[in-house]
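Engineer: Sharing a structure, written as structure tokens. Questions coming.
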Amino acid sequence: MPGVWVLAENRSQTLELLTIGRFMAGKIGTSLSVFLCQDRESAGDYMACGADEVLLLPEIAKDQSLDAYIPILSEEAGKADPDLFLIASTFRLKEIAARVATRLNTGLCSDCIKIYFNDRSGAVEMERLMYGGAAVQRVVCQSRPIMVTVPPRTFEPAGTESGRKGQIRSLKESPRSAGRVLERKRRERESKDIREAKVVVCVGRGVEKKEDIALARELAEVLRGEIAGTRPVTEELHWLPEELCIGLSGIQIKPELYVGIGVSGQIQHVTGFRDAKVICAVNKDANAPIFGVADMGIVGDLYDVVPKLINELKK
Amino acid sequence: MPDIVVCFKWVVDEAYIRRTSSGDLDFTSVDYKISEYDRNAIEAAVRLRDAYGGSVTAMTVSVPEATKGIKDALSRGPDNAVFIADPSFRDLESSQTAAILGGVIKSRMSCQLVICGEGSGDFYAQQVGPRLAEILGIPCATYVQKITIDGGQVIAERKAEDFVEVVAMPMPALVTVLPDIGTPRIPGVKDTLMASKKPVVTLGKGDLERIPEASLKTVGMKASRMERECEKFTVDTADIARFVGALQRKGVLR
Numbered sequence: 295m296p297g298v299w300v301l302a303e304n305r306s307q308t309l310e311l312l313t314i315g316r317f318m319a320g321k322i323g324t325s326l327s328v329f330l331c332q333d334r335e336s337a338g339d340y341m342a343c344g345a346d347e348v349l350l351l352p353e354i355a356k357d358q359s360l361d362a363y364i365p366i367l368s369e370e371a372g373k374a375d376p377d378l379f380l381i382a383s384t385f386r387l388k389e390i391a392a393r394v395a396t397r398l399n400t401g402l403c404s405d406c407i408k409i410y411f412n413d414r415s416g417a418v419e420m421e422r423l424m425y426g427g428a429a430v431q432r433v434v435c436q437s438r439p440i441m442v443t444v445p446p447r448t449f450e451p452a453g454t455e456s457g458r459k460g461q462i463r464s465l466k467e468s469p470r471s472a473g474r475v476l477e478r479k480r481r482e483r484e485s486k487d488i489r490e491a492k493v494v495v496c497v498g499r500g501v502e503k504k505e506d507i508a509l510a511r512e513l514a515e516v517l518r519g520e521i522a523g524t525r526p527v528t529e530e531l532h533w534l535p536e537e538l539c540i541g542l543s544g545i546q547i548k549p550e551l552y553v554g555i556g557v558s559g560q561i562q563h564v565t566g567f568r569d570a571k572v573i574c575a576v577n578k579d580a581n582a583p584i585f586g587v588a589d590m591g592i593v594g595d596l597y598d599v600v601p602k603l604i605n606e607l608k609k
Numbered sequence: 078m079p080d081i082v083v084c085f086k087w088v089v090d091e092a093y094i095r096r097t098s099s100g101d102l103d104f105t106s107v108d109y110k111i112s113e114y115d116r117n118a119i120e121a122a123v124r125l126r127d128a129y130g131g132s133v134t135a136m137t138v139s140v141p142e143a144t145k146g147i148k149d150a151l152s153r154g155p156d157n158a159v160f161i162a163d164p165s166f167r168d169l170e171s172s173q174t175a176a177i178l179g180g181v182i183k184s185r186m187s188c189q190l191v192i193c194g195e196g197s198g199d200f201y202a203q204q205v206g207p208r209l210a211e212i213l214g215i216p217c218a219t220y221v222q223k224i225t226i227d228g229g230q231v232i233a234e235r236k237a238e239d240f241v242e243v244v245a246m247p248m249p250a251l252v253t254v255l256p257d258i259g260t261p262r263i264p265g266v267k268d269t270l271m272a273s274k275k276p277v278v279t280l281g282k283g284d285l286e287r288i289p290e291a292s293l294k295t296v297g298m299k300a301s302r303m304e305r306e307c308e309k310f311t312v313d314t315a316d317i318a319r320f321v322g323a324l325q326r327k328g329v330l331r
């Protein structure tokens, strides 16, 4: 049975994909199916949120990773010939998506930020960022199924509709995969989730040494915001925890106010906060690209500007 | 002593892409580079060889001009290179690149470990690594932060959203790596000189099996727009006060 399929790692991602899944299933004129591996009591909720069918994945052994689902997903897709397969862009599911697409000989649109149904051509059109976010590419897929990974938080979670019904189908066991999980280490969060912060002060490579981050932290406190960093400051120098890395390959934020301190404005970083309400920057290089994407920029040495700014804000 | 293949991509340096007034992309003054994340992959491969022995082969699929990239890659430590080039290889899709790499590895090489970067600097589709593993029929771990080799298996620490998953995979296996794996070295003059003496096998379209058709078709490409006020302030106290006043009016101070 063709249809629109949804696969995610948790409930909130699933509900977001059900929103776009429901819309696309309506446009294509087909049904909506959702995979479920954990919290099986969600099946009813997912049906109330638009799923016509809930496909129960078998539980996998503790020492198996999600790649154990590749054979079963590929086999089911081979049999059912879905129209569109929506998958949450999580670290592990991105790999699963690419491997299932390879088995099905089809294309995969990675990290899709918009999906349209072209009423004239009947094609599904997808948009994604390219060149670090400098460009928006629009693609169509010429093979079936159309496979897409969608970053979490791209769509609003689906709401419930009363009286909706659906079917539940259990899928059979998958063979074991060759890899074995030895251990899962929880990553202790060293900081708050900055995606929730209203104000974010971001530290760039213009800050000369780790101790100087204190200056940016003080500014963040005065602004009642949180601190974050560019990729060099977080993932390369480890001056700040990696969960505070803003950018295309890190976290994308939409705060009320973003303030870049010694941030040059590399496009991959800018992509991480492009939807902020107000963007400000402090940089001594008047030609730094950050000034081209900022609402307000102060051209000057951050070691001179930031203390003055803190002073003024305290007034 | 694993023989390692490390794959890299020769990409447009996005810092040189301009936006025309009509919103199109202007590539007239662009330069090319080894994709940033692939430099981490090369570094990871070279460090593993230095720790465990074996060899490192750098590999790319590109247009003939990317011969500069081969030299750059070799100056970063690999022992030799395989360069698969054709003028038509400019805009290959991930599935095609993976098919070409997979065909060449299967028919001509023996390796125990394949390393790729987390994604390329231009498309960043993050698909070539996992697709290549699937074509080779070998286990795979993506977004890996740490690799160790223990007998016939590779132990990879892969990043997930809230945890790190430590997986043991029998070799041959494939990993894609994150920048945490190691800061790339900056090649010196000696490294660059040595690079030109290292063996390079160059293959053309005629040496390859049939290349699959692309599935995705690009129907539009525009520069992304960011319309901001771009107002500039100086460091003098009056200007700083004006700046804070503007923040207040925008309602973002709490």
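Residue numbers (my numbering), protein chains in the order written: chain A, 295 to 609; chain B, 78 to 331.
Quick reminder that beta carbons are idealized off the backbone N, C-alpha and C, glycines included.
Any beta carbon of chain B sitting closer than 8 Å to that of Tyr425(A)?
Structural biologist: Locating residue 425(A) in the first sequence gives position 131, counting from the first residue. Chain B contact via Cβ: present.
Engineer: Are the C-beta of Lys275(B) and some C-beta of chain A separated by less than 8 Å?
Structural biologist: The sequence position of residue 275(B) within the second sequence is 198, counting from 1. Taking Cβ atoms only, chain A never reaches closer than 8 Å to Lys275(B), which makes this a no.
Engineer: Just confirm the distance between the C-beta atoms of Phe85(B) and Asp115(B), as a whole number of angstroms; I'd bet it's less than 8 Å.
Structural biologist: Reading the second sequence from its first residue, position 8 is the one you call residue 85(B). Reading the second sequence from its first residue, position 38 is the one you call residue 115(B). That belief holds up - the Cβ atoms of Phe85(B) and Asp115(B) are roughly 4 Å apart, short of 8 Å.
Engineer: Measure from the C-beta of Asp579(A) to each C-beta in chain B and report whether the shortest distance is under 8 Å.
Structural biologist: Start at 1 with the first residue of the first sequence, and residue 579(A) comes out as number 285. No - not a single Cβ of chain B is within 8 Å of the one on Asp579(A).
Engineer: On the three-state DSSP scale, how would you describe Glu91(B)?
Structural biologist: As a working note, residue 91(B) is residue 14 in the second sequence. DSSP places Glu91(B) in helix when its eight states are reduced to three.
Engineer: Do Leu285(B) and Ile177(B) have their C-beta atoms within less than 8 Å of each other?
Structural biologist: The residue you call residue 285(B) lines up with position 208 of the second sequence. The residue you call residue 177(B) lines up with position 100 of the second sequence. Yes, they are a contact pair.
Engineer: Roughly how far, in whole angstroms, is the beta-carbon of Leu350(A) from the beta-carbon of Val298(A), given that I think they are within contact range, below 8 Å?
Structural biologist: Working through the first sequence from its first residue, we reach residue 350(A) at position 56. Working through the first sequence from its first residue, we reach residue 298(A) at position 4. Incorrect: roughly 18 Å between the Cβ atoms, too far for contact.
Engineer: Name the chain B residues that come within less than 8 Å of Glu529(A), Cβ to Cβ?
Structural biologist: Counting from one through the first sequence, the residue named residue 529(A) turns up at place 235. Per Cβ cutoff of 8 Å: Leu255, Pro256 and Asp257.
Engineer: If you reduce the DSSP assignment to three classes, tell me which class Met420(A) lands in.
Structural biologist: What you label residue 420(A) is simply residue 126 of the first sequence in a count that begins at 1. In the structure shown, Met420(A) sits in a strand (DSSP, three-state: E or B).
Engineer: Quick test of your reading: Val261(B) and Glu91(B), contact by CB under 8 Å. State the CB separation rounded to the nearest angstrom.
Structural biologist: If you number the second sequence from 1, residue 261(B) lands on position 184. If you number the second sequence from 1, residue 91(B) lands on position 14. The residue asked about is misnamed: residue 261(B) is Pro in this sequence, not Val. Pro261(B) to Glu91(B), Cβ: 18 Å. No contact.
Engineer: Would you say Glu419(A) faces chain B, with C-beta separation under 8 Å as the test?
Structural biologist: In the first sequence, the residue the question calls residue 419(A) occupies position 125. Closer than 8 Å: yes.
Engineer: Would you please verify whether the beta carbon of Cys307(B) is less than 8 Å from any beta carbon of chain A?
Structural biologist: Position 230 of the second sequence, counted from the start, is the residue given in the question as residue 307(B). Yes, Cys307(B) lies at the interface with chain A (some Cβ there is under 8 Å from its Cβ).
Engineer: Using a Cβ cut-off of 8 Å, pull out every chain B residue sitting near Lys602(A), in sequence order please.
Structural biologist: Sequence index remark: in the first sequence, residue 602(A) carries index 308 (1-based). Going along chain B in sequence order, the residues near Lys602(A) (Cβ under 8 Å) are Val312, Thr314 and Ile317.
Engineer: Secondary structure at Met341(A), three-state DSSP: helix, strand or coil?
Structural biologist: Taking the first sequence and counting its residues from 1, one reaches residue 341(A) at position 47. Helix.
Engineer: Could you tell me if Asn117(B) is buried or exposed, where buried requires 16 or more neighbouring beta carbons within 10 angstroms of its beta carbon?
Structural biologist: Position 40 of the second sequence holds residue 117(B). Result: buried.
Engineer: From Met303(B), Gly283(B), Leu190(B) and Gly281(B), pick the residue whose C-alpha is nearest to that of Gly427(A); which is it?
Structural biologist: Position 133 of the first sequence, counting from 1, holds the residue named residue 427(A). Ranking Met303(B), Gly283(B), Leu190(B) and Gly281(B) by Cα distance to Gly427(A) puts Met303(B) first.
Engineer: From the DSSP output, which residues share a beta bridge with Tyr552(A)?
Structural biologist: Position 258 of the first sequence, counted from the start, is the residue given in the question as residue 552(A). Answer by DSSP bridge pairing, in chain order: Val494(A) and Ile573(A).
Engineer: Between the Cα of Ala122(B) and those of Tyr220(B), Val312(B) and Val82(B), spot the shortest distance and give me the residue it belongs to.
Structural biologist: Counting from one through the second sequence, the residue named residue 122(B) turns up at place 45. For Ala122(B), the nearest C-alpha among the options comes from Val82(B).
Engineer: Okay, do the stretch 176-190 of chain B and the stretch 207-216 of chain B touch, 3+ Cβ pairs below 8 Å being the bar?
Structural biologist: Output reads yes: the stretch 207-216 of chain B touches the stretch 176-190 of chain B.
Engineer: At 7 Å on the CB atoms, spell out the chain A contacts of Tyr220(B), in chain order.
Structural biologist: Taking the first residue of the second sequence as 1, we reach residue 220(B) at position 143. Here the neighbours are Phe385.
Engineer: What residues from the stretch 466-481 of chain A come within 9 Å of chain B, judged by C-beta to C-beta, listed N to C?
Structural biologist: Those would be Ser471, Ala472, Gly473, Arg474, Val475, Leu476, Glu477, Arg478, Lys479, Arg480 and Arg481, in chain order.
Engineer: Indicate the three-state DSSP secondary structure (helix, strand or coil) for Gln230(B) in the structure shown.
Structural biologist: Along the second sequence, read from residue 1 onward, the residue named residue 230(B) stands at position 153. In the structure shown, Gln230(B) sits in a strand (DSSP, three-state: E or B).
Engineer: In terms of residues, what are the limits of the beta strand (DSSP E) holding Val83(B)?
Structural biologist: Taking the second sequence and counting its residues from 1, the one referred to as residue 83(B) is at position 6. Unbroken beta strand (DSSP E) run through Val83(B): Asp80 to Cys84.
Engineer: Is there a Cβ from chain A that is less than 8 Å from the Cβ of Phe85(B)?
Structural biologist: Here residue 85(B) is taken as the residue at index 8 of the second sequence, counted from 1. For Phe85(B), the answer is no, since every Cβ of chain A falls outside 8 Å of its Cβ.
Engineer: Along the stretch 432-455 of chain A, what residues have a CB closer than 8 Å to any CB found in chain B?
Structural biologist: Answer in chain order: Arg432, Val433, Val434, Cys435, Gln436 and Ser437.
Engineer: Using DSSP with H/G/I as helix, E/B as strand and the rest coil, what is Asn117(B)?
Structural biologist: Your numbering for residue 117(B) matches position 40 in the second sequence. Helix at Asn117(B).
Engineer: Could you pull the DSSP bridge partners for Met136(B) from this structure?
Structural biologist: Here residue 136(B) refers to the residue found at position 59 of the second sequence. Met136(B) is bridged to Cys84(B) and Val159(B).
Engineer: Which word fits Gly100(B), buried or exposed, when buried means at least 16 other C-beta atoms lie within 10 angstroms of its C-beta?
Structural biologist: Residue numbering aside, residue 100(B) sits at position 23 when the second sequence is read from its first letter. Burial call: exposed.
Engineer: Ends of the beta strand (DSSP E) at Tyr201(B)?
Structural biologist: In the second sequence, counting from the first residue as 1, residue 201(B) sits at position 124. Looking at the DSSP string, Tyr201(B) is not in any beta strand (DSSP E), and its letter there is neither H nor E.
Engineer: Taking only the alpha-carbon atoms, compute the straight-line gap between Phe449(A) and Gly228(B) and give it to the nearest angstrom.
Structural biologist: Within the first sequence, the letter at position 155 stands for residue 449(A). Within the second sequence, the letter at position 151 stands for residue 228(B). Straight-line Cα distance between these residues: approximately 46 Å.
Engineer: Using the rule of at least 16 other Cβ atoms within 10 Å of the residue's Cβ for burial, across every protein chain shown, is Gly315(A) buried or exposed?
Structural biologist: Taking the first residue of the first sequence as 1, we reach residue 315(A) at position 21. Buried is the call here.
Engineer: Would you kindly work out how many angstroms separate the C-alpha atoms of Pro216(B) and Pro249(B), rounded to a whole number?
Structural biologist: In the second sequence, counting from the first residue as 1, residue 216(B) sits at position 139. In the second sequence, counting from the first residue as 1, residue 249(B) sits at position 172. Those two C-alpha atoms are separated by around 8 Å.
Engineer: Check whether chain B comes within 8 Å of Ala429(A), counting only Cβ atoms and requiring the distance to be less than that.
Structural biologist: On the first sequence, position 135 is the one that residue 429(A) refers to. Ala429(A) counts as touching chain B.
Engineer: For Arg167(B), does the three-state DSSP call read helix, strand or coil?
Structural biologist: Position 90 of the second sequence, counted from the first residue, corresponds to residue 167(B). Of the three classes helix, strand and coil, the one that applies to Arg167(B) here is coil, per DSSP.
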